[in-house]
């Protein structure tokens with residue numbers, strides 16, 4: 101079905117098609133019946149392939165609750181980081197706004213969730229708790245909905261699905277390899293690709309479970325573990341908020357101390373899943389206000405929970421508000437102002453590493469500092485990482501080898517990469533942010549202009565999907581060359597969404613990167629694309 | 101008082117000090133009396149030098165109204181573009197939030213208004229209409245307040261001020277040159293500087309009045325005329341809003357047609373003030389939502405004014421909301437999606453140019469496209485500019501020479517400057533945005549980190565005050581070299597705030613720019629700094 105020779109109109113091998121072998125599928129007869137029965141409610145953009153059916157939940161909280169009893173389709177106007185826990189438990193995700201690079205689309209693809217975005221003909225009314233489509237009765241929370249993330253079709257009612265055969269064999273173990281020809285073709289193709297490629301392929305994974313999936317999909321390590329995703333679970337977010345609202349460093353340290361065991365536990369699980377492999381952990385990146393509620397209702401509930409006055413809490417939320425959060429108080433800037441946050445995270449990493457190594461397993465943490473723009477930021481924070489690591493290693497009496505490096509995601513870091521490489525032991529290109537800043541264009545706001553831009557042939561490809569070789573790629577080349585002029589063996593990788601895009605993987609191979617990193621479900625694509633790049637060069 | 105030999109600790113000549121000769125001054129005896137009398141209410145950051153006294157106005161609207169009868173101090177928590185009309189009429193500006201690069205500080209310096217920002221010990225309560233300071237009775241709207249923008253002192257009550265002697269001679273004509281030794285020193289120094297410098301010095305000016313001031317301060321043209329500033333006056337903002345809220349292109353064109361005479365009239369006045377000199381006009385830059393109200397009260401008032409339903413209007417405002425407006429739907433992106441906006445502006449420019457030229461005056465418009473990131477954007481919009489210009493020139497039968505060029509303010513434009521220069525006839529470095537994007541740091545949000553960054557020696561200078569030579573400057577060099585590799589005589593200038601900063605002027609001279617452009621009141625600094633740079637090289 102998928103040969104290395106398949107070629108599209110631009111001469112590019114279609115590595116991306118392999119992902120379709122992984123997506124859940126509708127029972128064919130049932131879907132035909134639903135469409136014939138007039139249950140097509142609307143269409144959106146197919147943002148995450150595969151079929152999903154479940155009961156409608158209009159909020160992440162409801163999704164979590166309802167998912168205990170049944171499958172859930174999370175239906176939102178659009179999603180934000182606070183919805184991640186709801187997206188995790190959902191069988192599928194539907195938004196009425198946003199494009200193929202919206203938060204919902206990017207996160208859903210990362211999770212391998214079937215997803216439809218920008219279903220503009222549908223209307224979500226959170227107030228009434230209704231999903232409306234012209235010519236149909238409104239659907240309410242708890243009603244069944246089915247979405248085909250491969251085609252963009254939204255159907256009312258339940259349409260039964262089943263996992264792909266590859267998943268049944270590889271992840272679930274519910275089918276024997278011998279029983280699936282699809283799986284055996286998949287496996288043969290990827291083994292062939294692995295023998296050809298020179299690029300290593302790592303994964304973006306934030307939980308032991310993601311790490312396990314990634315291992316089964318052939319990852320040779322983690323290229324990006326986003327520690328903030330560990331903060332959104334119910335019992336943790338409260339402590340994160342306590343930390344943010346603390347009136348002084350002492351209060352922050354106390355809240356952080358309570359978060360430490362959770363992070364250590366997550367790192368422990370991840371290190372065990374990928375024993376012997378390198379694991380790159382990015383220290384806290386998003387602005388703190390992302391962890392706080394924003395509507396008056398949510399603020400009021402949180403004030404009650406935390407024993408704050410409503411007015412006082414609302415003022416605190418307002419004070420943390422930023423005009424351009426993407427360009428605000430986040431990444432390493434958080435640690436320059438509140439070093440205790442990263443100190444806790446580094447301690448958790450090395451305590452977990454020592455525990456795992458004690459059990460005889462290989463552990464290779466690579467601590468990554470985000471949003472570095474100047475050498476001095478990196479120097480200050482690398483010193484801190486090495487100091488805390490040394491403390492933990494001495495306390496436990498267990499040596500752990502590690503690297504400290506940085507993301508290259510700010511144009512200034514790329515332009516001054518020779519200086520940055522004096523301190524950094526590796527670079528990982530954060531091409532999502534690097535693209536935003538190089539283009540001066542926010543990924544969240546791009547849908548407003550993208551249609552007009554593509555219609556007028558201004559962007560040949562969406563730069564958030566495939567690396568813009570001239571601009572963003574030009575900066576990457578400058579950074580790679582300057583970095584290696586300072587440190588010839590500097591390890592170079594990429595951990596943006598582009599790491600799972602075949603054209604971008606080819607470019608990464610061309611400029612001499614050591615590895616690409618992508619979400620678990622895109623690993624087969626990246627492995628194939630890396631082989632194709634090797635063949636081409 | 102100011103010699104070219106004055107040197108500070110870093111070996112840099114203190115060109116900046118000359119600006120103090122321009123600021124209004126308190127009557128010395130009155131100020132001493134006020135301080136002795138316990139009328140010091142608090143302190144903030146000295147953001148715009150000079151003394152001001154006036155009645156407190158808590159909003160731009162009230163400031164405009166009150167300014168008809170008396171001097172006004174505009175007192176805000178912070179300012180936004182909608183406050184500009186209020187800042188224009190105010191004798192001084194006080195904010196309780198924000199740093200030296202906040203909107204209030206930047207705009208006030210541009211206007212030459214005495215300004216104090218970040219006076220954190222004072223509290224503005226818009227609801228009660230009060231300014232509170234510990235240990236004092238609250239001040240109400242209409243009460244007198246005096247601010248010393250050179251020292252940051254905020255005093256209750258009226259303290260009489262007078263214009264500097266230089267202003268009295270040069271701008272007001274109320275004093276003869278012979279009567280002021282200060283003026284004659286000032287004039288002699290600048291004439292000497294003009295003879296030495298090779299950099300041209302232009303001005304950032306948005307009104308005929310600013311243009312006149314700039315001419316008197318020695319500008320040799322306009323480097324940046326921000327057309328959006330022409331949209332905020334009362335009778336205009338209504339039409340701008342009609343344009344934004346129009347349901348289709350026809351509605352937008354109708355509203356734009358009504359705006360055209362206002363813009364034409366402004367351009368006419370500016371061209372006449374600077375007859376014979378080049379005038380660079382930047383087409384609309386800010387996102388459209390900056391022209392809409394945001395609070396429920398304002399939305400409700402606007403809905404009434406415009407015959408919209410409140411709910412409908414609120415939804416429209418919400419729809420235009422952007423997560424990161426700095427990286428959003430603005431600049432040339434507006435014109436790619438709504439070409440009729442720039443078409444109106446270009447028509448207004450050339451109708452005015454023809455009218456002025458008809459009267460025998462020299463007119464040299466340089467039309468500037470903002471926020472260009474790709475060659476294709478520029479090609480599309482240059483074609484449009486040339487087409488509309490040709491139409492007007494043919495209609496009027498009056499030939500006008502003009503240039504079409506672009507700002508270089510997006511890293512990608514700098515990186516691909518050779519391609520951009522195929523189309524552009526000039527580059528103007530927009531170093532405010534270029535700094536924001538190269539650092540990944542928003543000027544509005546920087547105050548949160550700046551103190552910690554300066555304390556830890558991460559930023560030796562505030563990159564929004566003085567060009568970061570390594571990063572932002574590196575991009576500027578790339579752009580200058582690539583641009584001139586394509587077009588050896590390509591005209592290069594700078595129009596960011598840095599154009600009035602002595603260290604930045606020196607850098608611009610080093611990399612071969614043709615001119616710097618700065619706000620009228622910084623022209624003497626720029627002229628001096630340009631001479632110092634020439635001496636040094």
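Protein chains in written order, with the numbering used here: chain R, 101 to 637; chain P, 101 to 637. Yeah, the Cβ is synthetic: ideal placement off N, Cα and C, and Gly gets one too.
Could you tell me whether any non-hydrogen atom of the ligand MG is closer than 7 Å to the CB of residue i?
{"i": "residue 149 of chain R", "result": "Ligands displayed in this structure: none; no statement on the ligand MG is therefore possible."}
Answer with buried or exposed for residue i, where buried requires no fewer than 16 other C-beta atoms within 10 angstroms of its C-beta.
{"i": "residue 573 of chain P", "result": "buried"}
{"i": "residue 404 of chain R", "result": "exposed"}
{"i": "residue 170 of chain P", "result": "exposed"}
{"i": "residue 559 of chain R", "result": "buried"}
{"i": "residue 637 of chain P", "result": "exposed"}
{"i": "residue 153 of chain P", "result": "buried"}
{"i": "residue 274 of chain P", "result": "exposed"}
Hey, is residue i's beta-carbon within less than 8 Å of any beta-carbon in chain P?
{"i": "residue 549 of chain R", "result": "yes"}
{"i": "residue 105 of chain R", "result": "With a pLDDT of 37 at residue 105 of chain R, under the threshold of 50, the modelled position of this residue cannot be trusted; read the value that follows with caution. So, not an interface residue."}
{"i": "residue 537 of chain R", "result": "yes"}
{"i": "residue 448 of chain R", "result": "no"}
{"i": "residue 471 of chain R", "result": "yes"}
{"i": "residue 596 of chain R", "result": "no"}
{"i": "residue 474 of chain R", "result": "yes"}
{"i": "residue 429 of chain R", "result": "yes"}
{"i": "residue 692 of chain R", "result": "Lying outside 101 to 637, the shown extent of chain R, residue 692 of chain R is not represented and no answer is given."}
{"i": "residue 433 of chain R", "result": "yes"}
Measure the C-alpha to C-alpha separation of residue i and residue j and round it to an integer number of angstroms.
{"i": "residue 104 of chain R", "j": "residue 452 of chain R", "result": "The pLDDT assigned to residue 104 of chain R is 36, lower than 50, so where the model puts this residue is not dependable; a value taken from the coordinates is nonetheless given after this. Each residue's Cα considered, the two are about 41 Å apart."}
{"i": "residue 360 of chain P", "j": "residue 444 of chain P", "result": "6 Å"}
{"i": "residue 183 of chain R", "j": "residue 549 of chain R", "result": "25 Å"}
{"i": "residue 463 of chain R", "j": "residue 500 of chain R", "result": "7 Å"}
{"i": "residue 102 of chain R", "j": "residue 426 of chain P", "result": "For residue 102 of chain R, the predicted model reports a pLDDT of 36, less than 50, meaning its position is unreliable and no value from the coordinates is stated."}
{"i": "residue 248 of chain P", "j": "residue 146 of chain P", "result": "8 Å"}
{"i": "residue 634 of chain R", "j": "residue 288 of chain R", "result": "18 Å"}
{"i": "residue 429 of chain R", "j": "residue 412 of chain R", "result": "21 Å"}
{"i": "residue 614 of chain R", "j": "residue 380 of chain R", "result": "14 Å"}
{"i": "residue 109 of chain P", "j": "residue 561 of chain P", "result": "For residue 109 of chain P, the predicted structure reports a pLDDT of 33, less than 50, and the residue's modelled location is therefore unreliable. A value from the coordinates is still provided. If I take the Cα positions, the gap works out to 14 Å."}
{"i": "residue 431 of chain P", "j": "residue 566 of chain R", "result": "24 Å"}
{"i": "residue 392 of chain P", "j": "residue 342 of chain R", "result": "36 Å"}
{"i": "residue 266 of chain P", "j": "residue 320 of chain P", "result": "20 Å"}
Name, please, each residue of chain R whose Cβ falls closer than 7 Å to the Cβ of residue i.
{"i": "residue 659 of chain P", "result": "It is not possible to answer for residue 659 of chain P, since the shown part of chain P is limited to 101 through 637."}
{"i": "residue 158 of chain P", "result": "Those within 7 Å of residue 158 of chain P in chain R number zero; the least Cβ separation is about 18 Å."}
{"i": "residue 604 of chain P", "result": "What residue 604 of chain P touches in chain R: nothing, since even the nearest Cβ is about 17 Å away."}
What are the boundary residues of the beta strand (DSSP E) that residue i is part of?
{"i": "residue 304 of chain R", "result": "300-304"}
{"i": "residue 528 of chain P", "result": "526-529"}
{"i": "residue 157 of chain P", "result": "151-157"}
{"i": "residue 146 of chain R", "result": "145-148"}
{"i": "residue 195 of chain R", "result": "192-195"}
{"i": "residue 336 of chain P", "result": "No beta strand (DSSP E) holds residue 336 of chain P; the alpha helix (DSSP H) holding it covers 334-345."}
{"i": "residue 442 of chain R", "result": "It is not in any beta strand (DSSP E) - residue 442 of chain R instead sits in the alpha helix (DSSP H) that spans 439-458."}
Could one say the Cβ of residue i lies closer than 8 Å to chain R's Cβ atoms, at least one of them?
{"i": "residue 221 of chain P", "result": "no"}
{"i": "residue 232 of chain P", "result": "no"}
Which bits of chain R does residue i rub up against, with CB to CB less than 9 Å?
{"i": "residue 437 of chain P", "result": "548, 549, 551, 552 and 553"}
{"i": "residue 533 of chain P", "result": "540"}
Quick one: which chain R residues come within Cβ less than 8 Å of residue i?
{"i": "residue 423 of chain P", "result": "425, 426, 542, 544 and 545"}
{"i": "residue 575 of chain P", "result": "511 and 515"}
{"i": "residue 480 of chain P", "result": "556 and 558"}
First and last residue of the alpha helix (DSSP H) that includes residue i?
{"i": "residue 292 of chain P", "result": "281-296"}
{"i": "residue 591 of chain P", "result": "Note, residue 591 of chain P: premise wrong, no alpha helix (DSSP H); beta strand (DSSP E) at 591-594."}
{"i": "residue 213 of chain R", "result": "That residue, residue 213 of chain R, is in no alpha helix (DSSP H); it is neither H nor E in DSSP."}
{"i": "residue 53 of chain P", "result": "In the structure as shown, chain P begins at 101 and stops at 637. Residue 53 of chain P is therefore absent and cannot be evaluated."}
{"i": "residue 166 of chain R", "result": "160-166"}
Can you name the residues of chain P whose CB is closer than 7 Å to the CB of residue i?
{"i": "residue 477 of chain R", "result": "558"}
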